[in-house]
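Enquirer: Residue numbers for the sequence shown, in the numbering used here: 49 to 302. One structure is given below, represented as structure tokens, and several questions about it will come after.
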Amino acid sequence: MLEFIKQLAVEAGKRVLAGGARLTAADIRSKENPADMVTVVDREVEAFIRGEIEKTYPAHGIYGEETGRAREGAEFRWLIDPIDGTTGFIHGFPYYSVSIALLHRGRREAGVVFAPALGELFAAEQGGGATLNGRPIHVSNCTEMRNALLATGFGCVRARRRPDNFDYLPEITRSVQDIRRCGSAALDLCNVAAGRFDGYWEFALQPYDIAAGTLILEEAGGIVSDIAGGGNWPEQGFVATNGKLHRALLAYFK
């Protein structure tokens, strides 16, 4: 199953790159929130992914960012984000990804995040560890916030939703080595998994943003939770770390 997902993500990534090369202003529009953009490429790539899944696994359910839900009661369910980081994609910033996850009765079984412009394929299956381009990856050994490089995002700010990340950003920024904001939750999680970031937090995420990335992170030794340390994520906020910094990062949200 994981090989099928990896091949599917790579083929989808090729379509993303080809679509980006021909993208025009007429191919871009805003969603309900004017700051959230969608392109014809997002829709074309999601249609391709859905078509391949439905052809191979016609009884499976699917939840995609652009086309919504189908067969919700199915035992197996796919979560798809065709381009996580659409704004960066529009601007030619290479930090965007294709994210595909497979769930069985609600449990994440396999996940792949492919960054086509970077040539990086992250993958994991339950109990099998996590890889980057076929090589095992592990979270960092950072144990102190003052030495940490963290990532975050501002979807809540664009959506004008509470909690507002700006309420927490100043204090966290003053306490760590540095902060990065690159625009793809799926890739941020993978970079925590690979030890490039030591932690990540955000609000106003959707399940398809993080389903694959959370499995990859956990299989690399990391931890995810809501901002209270519980399991109600992403609805009650989202925190992901190498595990060693988790309690320290959660403290900023009390």
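Every residue gets a Cβ at the ideal spot worked out from N, C-alpha and C, and that includes glycine.
Once the 5 residues before and after L151 are set aside, which same chain residues still bring their CB inside 8 Å of it?
Expert: Looking up residue 151 in the sequence shown gives position 103. Only F124, R125, W126, L127, E157, A259 meet the Cβ criterion.
Enquirer: Report yes or no: do three or more beta-carbon pairs, one from the region 62–75 and one from the region 168–175, lie closer than 8 Å?
Expert: Touching, no.
Enquirer: Span of the beta strand (DSSP E) holding G247?
Expert: Against the sequence shown, residue 247 aligns to sequence position 199. Unbroken beta strand (DSSP E) run through G247: 247–250.
Enquirer: Rounded to whole angstroms, what's the CA-CA distance from P218 to E102? Just pull it up for me.
Expert: Position 170 of the sequence shown holds residue 218. Position 54 of the sequence shown holds residue 102. Rounded to the nearest angstrom, the two C-alpha atoms are 46 Å apart.
Enquirer: Could you tell me whether the Cβ atoms of F301 and Y248 are closer together than 8 Å?
Expert: For this step, residue 301 is matched to residue 253 along the sequence shown. For this step, residue 248 is matched to residue 200 along the sequence shown. Taking 8 Å as the Cβ cut-off, F301 and Y248 do not qualify as a contacting pair.
Enquirer: Does the beta-carbon distance from A199 to D257 come in below 8 Å?
Expert: The sequence position of residue 199 within the sequence shown is 151, counting from 1. The sequence position of residue 257 within the sequence shown is 209, counting from 1. Not a contact, by the Cβ cut-off of 8 Å.
Enquirer: If you reduce the DSSP assignment to three classes, tell me which class V89 lands in.
Expert: For the purposes of this step, residue 89 is identified with residue 41 of the sequence shown, where counting begins at 1. V89 falls in the helix class under three-state DSSP.
Enquirer: On the criterion of 16 or more Cβ atoms from any shown chain inside 10 Å, does P184 qualify as buried, or is it exposed?
Expert: One-based indexing of the sequence shown puts residue 184 at position 136. It is exposed - the Cβ of P184 has fewer than 16 other Cβ atoms within 10 Å.
Enquirer: Return the chain-ordered ranges of every beta strand (DSSP E) run that is complete within the region 191–246 and spans a minimum of 3 residues.
Expert: With a minimum length of 3 residues, the continuous beta strand (DSSP E) runs that stay inside the region 191–246 are 197–200, 226–228.
Enquirer: With DSSP as the reference, label T72 as helix, strand or coil.
Expert: In the sequence shown, counting from the first residue as 1, residue 72 sits at position 24. DSSP places T72 in coil when its eight states are reduced to three.
Enquirer: What are the boundary residues of the alpha helix (DSSP H) that Y256 is part of?
Expert: Taking the first residue of the sequence shown as position 1, residue 256 is located at position 208. 255–267 is the extent of the alpha helix (DSSP H) around Y256.
Enquirer: Can you give me the C-alpha to C-alpha distance between V161 and Q225, rounded to a whole angstrom?
Expert: Sequence index remark: in the sequence shown, residue 161 carries index 113 (1-based). Sequence index remark: in the sequence shown, residue 225 carries index 177 (1-based). One C-alpha to the other measures close to 27 Å.
Enquirer: Just list the residues that DSSP pairs D274 with in beta bridges.
Expert: Along the sequence shown, one-based indexing puts residue 274 at 226. The partner list for D274 (beta bridge, DSSP) is empty, contrary to what the question assumes.
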